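Each remark here refers to the structure printed beneath this line.
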Amino acid sequence: MKSETKKRVAKILKIIAITLAALTLILVLVVAVGRLINYLKTDIKTENGIQEKRYVRLGGIEQYLYIRGQDKDNPVIIFLHGGPGGEFAYLAYYWQTQLEADYTIINWDQRGSGNTYFRDPAAEKPTIDLLLTDLNDLVDYAREEFKQDKVILVGHSFGTILGAMYSAENPDKVEQYVGVGQAVSLSEGDIISMIAALELAEAQGNAEDAQLLRQGIENETAFTADSDFSAMFETFMQCRALIAKYLPAEGVMSGNRQFLTGLFSPDLWLADMRWIMNVDRLLEVDSDVFAETLAFNQDSLPSSFDVPVTFITGQFDHTTPLSLTERYEASISAPYKNLITLENTGHVPMLDNPELFAELLLNALSAATL
1 MKSETKKRVA KILKIIAITL AALTLILVLV VAVGRLINYL KTDIKTENGI
51 QEKRYVRLGG IEQYLYIRGQ DKDNPVIIFL HGGPGGEFAY LAYYWQTQLE
101 ADYTIINWDQ RGSGNTYFRD PAAEKPTIDL LLTDLNDLVD YAREEFKQDK
151 VILVGHSFGT ILGAMYSAEN PDKVEQYVGV GQAVSLSEGD IISMIAALEL
201 AEAQGNAEDA QLLRQGIENE TAFTADSDFS AMFETFMQCR ALIAKYLPAE
251 GVMSGNRQFL TGLFSPDLWL ADMRWIMNVD RLLEVDSDVF AETLAFNQDS
301 LPSSFDVPVT FITGQFDHTT PLSLTERYEA SISAPYKNLI TLENTGHVPM
351 LDNPELFAEL LLNALSAATL
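Per the numbering used here, residue 1 is the first one in the sequence shown, and the count goes up by one each step.
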């Protein structure tokens with residue numbers, strides 16, 4: 001009888017193992033086919049087009065660029081990702097293809113991020129000043145490589161700090177600047193959103209959530225550039241989740257959908273996955289620039305530009321709220337300035353509604369050149 005039972009159990013385990021293997025194979029095939037379809041849809045075939053991944057020496061180390069465009073003679077956009085450490089190149093297929101007929105777009109994995117980090121893990125850790133030095137080398141490289149007098153800088157979130165500061169200091173190299181989710185004062189933005197979420201948590205009697213939000217407000221109110229960001233990171237992320245819970249926004253891409261968008265990217269490879277999945281490494285590598293970023297405020301941003309400036313903000317951006325961007329836009333002087341709000345989008349409007357984002361960005365870039 002025991003022998004029969006063992007056989008039955010072994011048979012069941014074998015069926016489970018085969019089923020799991022089959023499901024895994026199906027999942028791998030679905031992802032592979034999806035990645036292939038996305039590659040074929042976004043593959044650049046024009047005679048003078050470019051679709052290259054390359055490493056270029058910037059700031060004394062080799063750094064990763066992903067360059068795409070239908071015509072290499074078009075004006076050049078350098079996209080400055082957020083974070084810090086928030087590499088974005090593998091998502092280019094999803095949001096920027098509508099721009100590639102008119103512009104050559106350079107996605108750059110900044111120092112302390114993604115492919116650039118793994119090229120030289122022992123490289124000097126990033127700071128805002130060091131990243132600005134790297135950016136200057138990248139701008140010079142792009143101008144020479146694509147025979148352009150000037151480039152366009154498009155920054156997102158943390159990348160807008162670099163973009164705004166560099167554009168104001170280097171009008172001889174920058175055609176115009178676009179800040180998407182402009183970072184004005186990240187701690188102030190967080191506190192505004194946490195206070196709004198706290199009021200709702202208290203109204204709904206959710207004492208545990210309310211206490212966590214109070215702790216988050218206290219942490220960011222007291223934060224300085226010398227503070228240890230890693231010590232408050234867990235609370236920081238929990239409060240971000242509570243903000244999303246109490247201040248939901250229709251049209252904003254969910255975390256699960258963003259994961260799938262990345263998974264089906266034809267440009268997501270091992271280094272990208274290793275970077276995205278290891279938060280401890282991110283905190284260790286980017287600790288200094290995280291502290292600088294959270295302590296950064298409007299007083300550190302330029303108040304005067306000699307290039308056209310456009311801000312694009314999601315209607316439901318709770319990381320860099322519209323009210324702060326409006327305040328900053330009103331305070332600056334520039335030969336041309338504009339603030340565009342994208343309805344039903346959040347902090348990453350190019351993912352929430354890529355078609356609308358591309359249309360508005362193209363229109364904004366054209367308007368600023370008139």
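All residues carry an ideal CB built from backbone N, CA and C; glycine is no exception. Quick caveat, the model's predicted, so the values are computed rather than measured.
key: DSSP state of W108 mapped onto helix, strand, coil   = Within the sequence shown, numbered from 1, the residue matching residue 108 stands at position 108. If DSSP states are grouped into helix, strand and coil, W108 belongs with the strands.
Coil, strand or helix - T310 by DSSP = The residue given as residue 310 occupies position 310 in the sequence shown. Note: T310 maps to strand in three-state DSSP.
ask   = Got a sec, what are the start and stop residues for the alpha helix (DSSP H) Y55 sits in?
value = On the sequence shown, position 55 is the one that residue 55 refers to. Not the alpha helix (DSSP H): Y55 falls in the beta strand (DSSP E), residues 50-58.
request  = Determine the direct distance from the alpha carbon of I18 to that of I12, and round the result to whole angstroms.
outcome  = Indexing the sequence shown from 1 puts residue 12 at position 12. Indexing the sequence shown from 1 puts residue 18 at position 18. Their Cα atoms are separated by approximately 10 Å.
request  = Quick one: give me the first and last residue of the alpha helix (DSSP H) that G163 is part of.
outcome  = Translated into positions along the sequence shown, residue 163 becomes position 163. Its alpha helix (DSSP H) spans residues 158-169.
query = L411: buried (16+ other C-beta within 10 angstroms of its C-beta) or exposed?
reply = The chain is shown only over 1 to 370; residue 411 falls outside these bounds and no answer can be derived.
key: Endpoints, the alpha helix (DSSP H) within which Y94 is located   = One-based indexing of the sequence shown puts residue 94 at position 94. That run of the alpha helix (DSSP H) goes 92-95.
key: Touching by the beta-carbon criterion (3+ pairs, under 8 Å), the region 57-66 and the region 231-239   = no
ask   = In terms of alpha-carbon separation, which member of R143, F158, F146, D149 lies closest to L132?
value = Working through the sequence shown from its first residue, we reach residue 132 at position 132. The option with the nearest alpha carbon to L132 is F158.
query = Do you know how far the Cα of A222 is from the Cα of C239?
reply = What you label residue 239 is simply residue 239 of the sequence shown in a count that begins at 1. What you label residue 222 is simply residue 222 of the sequence shown in a count that begins at 1. Using only the alpha carbons, I get a separation of about 16 Å.
message = If you follow the alpha helix (DSSP H) that T325 is in, where does it begin and where does it stop?
response = Within the sequence shown, residue 325 is the residue found at index 325, counting from 1. Here the alpha helix (DSSP H) through T325 covers 322-331.
request  = Return the residue from the list D140, A197, H156 that minimises the CA-CA distance to N170.
outcome  = Taking the sequence shown and counting its residues from 1, the one referred to as residue 170 is at position 170. Of D140, A197, H156, the residue nearest in Cα terms is D140.
ask   = Going straight from the alpha carbon of P126 to that of D137, what length do you get?
value = The residue given as residue 126 occupies position 126 in the sequence shown. The residue given as residue 137 occupies position 137 in the sequence shown. Straight-line Cα distance between these residues: approximately 15 Å.
key: Residue interval of the alpha helix (DSSP H) (run including F236)   = As a first step, residue 236 must be located in the sequence shown, where it is residue number 236. Taken as a continuous stretch (DSSP letters only), the alpha helix (DSSP H) holding F236 covers 229-246.
query = In three-state terms, what does DSSP make of L65?
reply = Looking up residue 65 in the sequence shown gives position 65. Strand.
ask   = To which residues of the same chain is A10 closer than 8 Å at the C-beta, ignoring the five residues directly before and after it?
value = Taking the sequence shown and counting its residues from 1, one reaches residue 10 at position 10. Around A10: no qualifying Cβ.
ask   = Any contact of the region 89-103 with the region 14-33, i.e. 3+ C-beta pairs under 8 Å?
value = no
request  = Indicate the three-state DSSP secondary structure (helix, strand or coil) for I44 in the structure shown.
outcome  = In the sequence shown, counting from the first residue as 1, residue 44 sits at position 44. In this structure, I44 counts as coil in the three-state DSSP scheme.
inquiry  = Let's test the definition: count the other Cβ atoms within 10 Å of the Cβ of W269 and tell me whether it reaches 16, buried, or not, exposed.
reply    = Counting from one through the sequence shown, the residue named residue 269 turns up at place 269. The residue is exposed, with fewer than 16 neighbouring Cβ atoms inside 10 Å.
message = Between which residues of its own chain and P266 is the CB-CB distance below 8 Å, once the five residues before and five after are set aside?
response = Sequence index remark: in the sequence shown, residue 266 carries index 266 (1-based). The residues are R35, L36, N38, Y39, T42, Y93.
message = Mapping the DSSP letters down to three states, classify T116 as helix, strand or coil.
response = As a position in the sequence shown, residue 116 is number 116, starting the count at 1. In this structure, T116 counts as helix in the three-state DSSP scheme.
key: Helix, strand or coil at E145 according to DSSP, with G and I counted as helix   = Walking along the sequence shown from the start, residue 145 turns up at place 145. Three-state DSSP puts E145 in a helix.
ask   = Would you say G159 faces chain B, with C-beta separation under 8 Å as the test?
value = Although the question refers to chain B, the structure presented lacks it and comprises just one protein chain.
ask   = V178: which of A164, D190, D172 sits nearest, CA to CA?
value = Residue numbering aside, residue 178 sits at position 178 when the sequence shown is read from its first letter. Residue A164 is the option with its Cα nearest to V178.
key: Sub-8 Å separation of R143 and D134 beta-carbons   = As a first step, residue 143 must be located in the sequence shown, where it is residue number 143. As a first step, residue 134 must be located in the sequence shown, where it is residue number 134. Taking 8 Å as the Cβ cut-off, R143 and D134 do not qualify as a contacting pair.
task = Starting from I340, follow its DSSP beta bridges and name the residues at the other end.
result = Along the sequence shown, read from residue 1 onward, the residue named residue 340 stands at position 340. In the DSSP output, where bridge partners are listed per residue, I340 has I312.
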